[in-house]
Amino acid sequence: MSFKKKIIRALVVPMIAGSGVFTFSGNALANDSAELEELRALVQELDQKVKVLARKGEVNEEAAAAAKKDTPVVKASEKGFGLESADGKNVIKLRGLLQADYRSFQQGANDVRGRSNGRAGSLDGDGFHDANDTGLLRRVRPTIEGTVQGKYDYRFTPDFGNGNSVVVDAYIDARLDPAFKIRAGKYKPFVGLERLQGGGDIKFLERSYVTNAILPNRDLGVSVYGDILGDKLNYAFGVNNGVVDGGNISSGSEFEGNKEFTARLFATPFKDETNALAGLGFGIAGTVTNIDGEKNLNWTDSSAADATRNGLPSYVTNGQQTFFRYGGGIVADGDRTRIAPQANWYYGPFGLITEYARVSQDVSKAVGGSPAAGGAIVTPEGVLENTKRKLKHDAWQIAGSYLITGEDASFKGVKPKNDFDLEKGGWGAWELVARYSEINLDEDTFKNASGVNSGEFGATGTAATAAGLAYSDLSRSAKSAKSWTAGVNWYLNQNAKIQLNYEHTSFDGGDLAEGLAQATNANASGSNVRDRESEEALLARLQVAF
Amino acid sequence: MKKSLLTIALMAAALSITAPISALAKDITLLNVSYDPTRELYQDFNAAFSKHWQEKTGDKVTIKASHGGSGKQARAIIDGLDADVATLALAYDVDQLYEKGRLIPKDWQKRLAHNSSPYTSTIVLLVRKGNPKGIKDWDDLVKPGVSVITPNPKTSGGARWNYLAAWAFAQKKYGGDEAKTKEFVGKLLKNVPVLDTGARGSTTTFVERGIGDVLLAWENEAFLAQKELGVGKFEIVVPSLSILAEPPVTVVDKFAKKHGTEAVAKAYLDYLYTEEGQEIAAKNYYRPTLESVAKKYESQFPKVNLIKIDEEFGGWQKAQKIHFSDGGTFDQVYQK
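Next comes the structure, spelled out in structure tokens:
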């Protein structure tokens, strides 16, 4: 029975019945009839009102559904906070990475040699200063990233960590096709495998020598990249300003105009399979350029800042202590090529990454000293004749990880099966990690720059002549560093992580033989050199990333 | 789905072999973005054109259709809905494709006959069987207790025709007194309980939901409601004065060019003017412009005293500005 009929029956029938019992007069019937008409009209009016209300509800729902198609969506999740257009084509996200570190050195030295006690504080007998225990903010990186027009991504990441204020990433990605994308701006060049892993996803507090010492960190330029062969082969080619080993280029224009070309192929041929090889990836990358460092600097080998202009790097340990730098007046002077075979494998909770890098760098001994400061340029090229040498340094690493709480390992972060929660009893994800990494510098680095065939190392007492200096001084810089690292990662949840690494690094060379004064032996012979004190450090990190 | 290089190479080889064959027949897709009550018309017309085009060229044409309030549809095209052709309710909405998006040339209306309107219509009053409220003309709609169903002129082209027809009637009734005209239209709108976004929505409100005493409707929509949606339940009342509605059509040049469908899109619209196209329009209760077909269906359409938008309101641009832009007469007289 319809609503209308029910109402009529409920209202009208009792009235009719009532009227039948108590009155039979014609007037009364006429009155009842008029009343019935009024009631009928009232019911119809009410019926219309109810229908109008219902229809308005429908229309409003339709309007709301239509408006939803145009209403931007606010998103907040463990992956960041963002705003997205209704069609998903325009997105802006706010993300962040904060790493608070503490470094505790049981043994080790920092690099302040050549400075006076007055400048560097108390030096030991070898001219070293003990490595300082310190707390620091390693990375403080707010990130704004997103997409416009559905296929053009952007990312802007400054870094306020390490006492710096720099632009780490600022680039645009044009995803024209899965097989053809273009990235332009300041970004990680497509070279090193471990470098391409996010700073919040790395398994150790510091990356290996392969990544931190030899392969480029950030560069300015443009790269074409994409996934082909069913996403099983990733390729990338780039043209960049070029950056020293491990370097993070400034966002300004460069000193040297030659461009560095990069190329990388990385295959994951079994990715669609379900067997143990599904998580296997391997590839090879390389860079090539020609670079000339600035040759009329007023040299000092006590400042790493020189590396930004002489075109050469310095190398640091896992504890971020410098153990190698080129000697004063040494400049990049020609070809620089790098090659880096690389692989990783993830199978269940187990992860493995291994990488090798070799850099070949032409260097020369510049005359040094700005003309204003009395330096003289004796050749048109600004370098001493017969001092050019191609130095080849290499590094490698192998690192394993194992999630003892059973989560799947991956190149990206870990999502715990159970977040750490004392009330609910979850303990997050726990991961054990271990790595061996070493770097070996070319023996010729420490030979005399002139008369290069004169011996294994520079002869004693040649410091008096500029031509007698080697490319680096073995009594100040080590020719190799070998590091063991073991650690544990505790993922409290997808966003918070605590890391603890113990690392031990031993050196070959890098210190002057006991009893000899540094100031009088600028270029030590092999007999005057001993190994730099090993570095033992406990490194801890609390990280929040979203 | 991504293709492997081998697959791509094989496809390229296959294409090179089959190219002469595929060059003979193409699969073409057109998108016709139209207004609300044309669903049935274009359902019939699209099938006829596809058949005609395949017979003529061998190419298979699939026509997709999108329907909604005319104003909304125009905005959707401007915002990027890739229409090959637009068949909207009024010229102002098509003008917007030029004004706001430069998607068509300024003189688009001159490209086809009858100001690019292959068929016309008008506005009539659809009442319930027996016409219980005794509605005979526009002034019956402003009486207390008469519930009038019409869509929102801000979103619906049909509603704008309705509004202007009522306005024209009141102008004539009050000898051009604008204040009285506004009062008349205001009273009429006060009797509207629900403003749908499109003409088809209003038909649903009146026919299916049983709301209201009278529906201001496109003539074709009224016929459809009377003959197909609710046989014997409704009656058409032809008012003493109404408006000649000229729904225009155009190729959306920018998108058609992008899709490579310019020629087919033009042929699609040209076909509307052919005898077969006009027959389909007439069968769907649109007034044909082709004289021979108009004569054939003469008895189907009642004689109406029709005013024209250009003569009465100075064209759609002016009418839109005065009546439907923000702060226009509709905003002035309509109280929610």
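Line by line, the protein sequences give chains A and B.
First residue of the first sequence: 6, per our numbering; consecutive thereafter.
First residue of the second sequence: 464, per our numbering; consecutive thereafter.
Quick reminder that beta carbons are idealized off the backbone N, C-alpha and C, glycines included.
Small disclaimer: the values here were computed from a predicted structure and weren't measured.
Neighbour flag for residue i against chain A, beta carbons, 9 Å
| i | result |
| --- | --- |
| Pro656/B | yes |
| Tyr797/B | no |
| Thr713/B | no |
| Gly673/B | yes |
| Ser705/B | no |
| Ser497/B | no |
Beta-bridge partners of residue i, as assigned by DSSP
| i | result |
| --- | --- |
| Ser369/A | Val336/A |
| Ile444/A | Ala400/A, Ala486/A |
| Lys98/A | Gly87/A, Glu150/A |
| Val712/B | Thr550/B |
| Thr294/A | Arg341/A |
| Trp495/A | Trp435/A, Ile503/A |
| Pro346/A | Ile289/A |
| Gln104/A | Arg144/A, Gln548/A |
| His577/B | According to DSSP, which records beta bridges pairwise, His577/B is partnered with nothing at all. |
| Glu110/A | This sequence places Phe at residue 110/A; Glu is not what is there. DSSP lists Ala542/A as partners of Phe110/A. |
| Asn115/A | His134/A |
| Asn253/A | Arg223/A |
Closer than 9 Å to chain B by CB, residue i
| i | result |
| --- | --- |
| Ala69/A | no |
| Ala59/A | yes |
| Val64/A | yes |
| Lys156/A | no |
Three-state secondary structure (DSSP) of residue i
| i | result |
| --- | --- |
| Gln325/A | coil |
| Gln517/B | helix |
| Ala268/A | strand |
| Pro163/A | strand |
| Gly621/B | helix |
| Gly463/A | Bear in mind that a pLDDT of 42 at Gly463/A, under 50, signals an unreliable position, so the number given afterwards is only what the model happens to contain. If DSSP states are grouped into helix, strand and coil, Gly463/A belongs with coil. |
| Val648/B | helix |
| Tyr561/B | helix |
| Val655/B | coil |
| Pro751/B | strand |
| Arg363/A | strand |
| Ala179/A | strand |
| Gly197/A | coil |
| Leu389/A | coil |
| Val670/B | helix |
| Thr724/B | coil |
| Ser539/A | coil |
| Asp135/A | strand |
| Ala312/A | Here Ala312/A scores only 46 on pLDDT, less than 50, and its place in the model is too uncertain to base an answer on. |
| Pro483/B | Confidence at Pro483/B is low in this model, with a pLDDT of 43, below 50, so its placement is unreliable and no value can be given for it. |
| Ile743/B | helix |
| Asp277/A | coil |
| Tyr734/B | helix |
Whole-number beta carbon distance between residue j and residue i, since they are thought to touch under 8 Å
| i | j | result |
| --- | --- | --- |
| Gln504/A | Gln548/A | 7 Å |
| Arg60/A | Ile674/B | 6 Å |
| Arg143/A | Asp106/A | 4 Å |
| Leu99/A | Gly205/A | Not confirmed; about 15 Å, so no contact. |
| Val244/A | Phe266/A | 6 Å |
| Leu876/B | Val605/B | This structure gives no information on residue 876/B, because the portion of chain B shown stretches from 464 to 799. |
| Ala371/A | Val336/A | 5 Å |
Interface flag, residue i vs chain C, CB-CB below 9 Å
| i | result |
| --- | --- |
| Asp556/B | Any reference to chain C falls outside this structure, whose protein chains are A and B. |
| query | When you check each C-beta in the stretch 525-545 of chain B against every C-beta of chain A, which residues fall closer than 7 Å? | reply | none
| task | With 9 Å as the limit, tell me which residues of the stretch 643-669 of chain B have their beta carbon closer than that to any beta carbon of chain A; keep them in chain order. | result | Within the stretch 643-669 of chain B, the qualifying residues are Pro656, Val657, Leu658, Asp659, Thr660, Gly664, Thr667, Thr668.
| field | Under 7 Å (Cβ pairs) to chain A, residues found in the stretch 595-622 of chain B | value | Residues of the stretch 595-622 of chain B whose Cβ lies closer than 7 Å to any Cβ of chain A, in chain order: Ser610.
| task | May I ask you to list, following chain order, the residues of the stretch 41-59 of chain A that have a beta carbon less than 8 Å from some beta carbon of chain B? | result | Across the stretch 41-59 of chain A, CB contacts with chain B closer than 8 Å involve Gln53, Lys56, Val57, Ala59, in sequence order along the chain.
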